[in-house]
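Below is one structure; the comments refer to it alone.
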Amino acid sequence: MITMHADSVPFLRPGVQEILEKAVKSPVVATARHKDGLHAFETLERSREEVAKYLGCDHTELAFVSSVSEANTWVLTGTRFQGGASPDHILLSPLEHVSVINAATALRDSHGMKVSFLMLDKNGQVDLRDLEKNWPDGKVLVSVQRANPETGHLQPIDQIGALVKSRGGIFHTDFTASQGWEEPNFSGRPLDLISVSSTAIGGPAGIAVLGIRRGIRMVPLIFGGAQEEGRRGGTVPVFLAQSMAGAVHHGVRHLVREREKLVTMDTLLVDEVHTKFPMVHMVGDKSVRRPGILNLLVPGADGQALLSLMEREKVVVGTGSSCSSQSLKVSHVLTALGYSPRQGQGSVVLSLGWWNDPSEIAAWSRAFDRGIQGLRKLGGVGMPLH
């Protein structure tokens, strides 16, 4: 089975399975005040330090959470300004993950929070001039992801963050879809909060991290005891933290080589699409797209049907983000970029990662061609997009 979809990573990074199996045999919690508990605490803190090095921050500036969705929800609901004041206004990119959009919508509906979506320029990036011109009054929280997992669109978070900071706002980014392509560099960027995934770097599901700049106050989303310096209640699964740290360690050591391989595979894929599938439309210009994420719009096709046909050829691709793929609705990301429901219905998402090899491009091309031919027999495929 060839996996070209980030939500179907076929295996953990080398060595992580062994860490996971060994660590899970010791279920002692890190808050227990006996010998085994202290050992678990030391293991947890070593893991925290390893992940902090990856983020580029101090180990006290991160909290372990269960998922990036939890981290994003926590940011929207728990971020406080100096003096403990809640934001007056939340600004979001319309391309954000549904966890961010849904949390903001819930705050708007239940608490009357002002929520606005940022304007995008013709390339699908946040329009900085519009943001500067229309900066709202009051305390402003801004959330913009670094890379979009459905299209690869990169956002200029350094420039956005600098603008937000100059206006006294607080800036958060969901860095998940850029992991495996670049390091977070939390301390070197004008960021206040950053969400980072374990699975995106080749670690286990069930754990993620929220980086919290020193001085930013967070009201707990989950109340409990003194875990995570009182910011997030509940027992931290040491075996998952240790496994995530192992994945991070391997990922950092191989980032340069994997980045080069991603560029090679991305070039091969783009050339293959242009040469063999000229009727297919590629979303996003290369200058604003993260290599390794391609969204292809097949005229007249049903993306879900095409996905199923390709799986018969033992090639796994996607049709949208993990939290919306079961809804069978046209992606809000494509809608925000100006595509019609008819165009978005034929979306096929390719997400390449460290687990892929350039030799798999030919197998993908054959499966894609057979899938299109199968749908063509039903009629419609190949009609112009409009």
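Take 184 as the starting number for the sequence shown in our numbering and just add one per residue. Note that the Cβ used here is the ideal one computed from N, Cα and C, for glycine as well. Bear in mind the structure is a predicted one, so any value in this text is a computation, not a measurement.
First through last residue of the beta strand (DSSP E) which encompasses residue i
i, result
"F247", "245 to 248"
"H272", "272 to 275"
"L517", "It is not in any beta strand (DSSP E) - L517 instead sits in the alpha helix (DSSP H) that spans 515 to 519."
"H294", "Looking at the DSSP string, H294 is not in any beta strand (DSSP E); the run it does join, the alpha helix (DSSP H), is 281 to 294."
"L479", "476 to 480"
"V298", "297 to 300"
"S534", "530 to 534"
Residues of its chain near residue i, where Cβ-Cβ distance is below 6 Å and the 5 sequence neighbours each way are ignored
i, result
"V298", "I273, A287, R291"
"S504", "Only weak support exists for where S504 lies, its pLDDT of 38 falling under 50; the coordinates are left without a value."
"S326", "L275, V283, H355"
"M148", "Shown here, the chain extends from 184 to 569; a query on residue 148 therefore has no answer."
"A254", "V248, S378, A391, L393"
"V207", "F422"
"E201", "none"
"L278", "N331, V516, A519"
Nearest candidate by alpha-carbon position, reference residue i, set the options
i, options, result
"G398", "T243, S230, H222", "T243"
"P339", "L311, L479, A550, R350", "L311"
"G483", "F224, R196, R559", "R559"
"F300", "V516, F551, Q526", "V516"
"G536", "G527, G363, R263", "G363"
"G335", "S349, H280, M296", "H280"
"V258", "G385, I405, P277", "I405"
"K348", "S361, N478, V323", "V323"
"A235", "G295, G351, A546, G429", "G429"
"G321", "L561, P461, D341, Q265", "Q265"
"R525", "R495, L238, G486", "G486"
"H224", "Y237, V446, S209", "It should be noted that the sequence gives Phe, not His, for residue 224. Closest option to F224, Cα to Cα, is S209."
"G467", "L195, D540, M448, A519", "A519"
"L451", "E204, N539, N317, H433", "N539"
"E543", "E315, T502, L445, L303", "L445"
"V431", "G529, T447, S230, R495", "S230"
"D132", "E233, D449, H294", "Given a span of 184 to 569 for the chain in the structure shown, any question on residue 132 remains unanswerable."
Residues of its chain near residue i, where Cβ-Cβ distance is below 7 Å and the 5 sequence neighbours each way are ignored
i, result
"L227", "A213, V419, V421, A424"
"S491", "none"
"V500", "M187, H188, L490, M493, V531, V532, L533"
"G344", "F354, R372, P373, L374"
"C240", "F369, S370, G394"
"F358", "R329, P367, I377, S378, V379"
"V402", "G261, R263"
"L561", "none"
"G557", "L492"
"G198", "G429, H433"
"W318", "R350"
Span of the alpha helix (DSSP H), counted from its first residue to its last, around residue i
i, result
"L438", "438 to 459"
"K316", "311 to 316"
"D341", "340 to 349"
"Q200", "199 to 206"
"E412", "Neither: E412 is in no alpha helix (DSSP H) and is coded neither H nor E."
"R495", "486 to 495"
"I384", "No alpha helix (DSSP H) holds I384; DSSP gives it neither H nor E."
"R553", "543 to 559"
Residues that residue i bridges to, as DSSP identifies them
i, result
"V392", "F247, V379"
"S326", "L275, H355"
"H336", "R472"
"T262", "M401"
"M465", "L479"
"T186", "V499"
"L303", "V309"
8 Å CB neighbourhood of residue i in its chain, flanking five on each side removed
i, result
"E411", "A246, F247, V419"
"S249", "G389, I390, A391"
"Q308", "H336, L337, Q338, P339, V471"
"K459", "S548, D552"
"A360", "A189, Q328, R329, A330, N331, P332, G335, A383, R473, I476"
"V463", "V456, L479, L480, V481, P482"
"E315", "L346"
"H437", "W537"
"G413", "P403"
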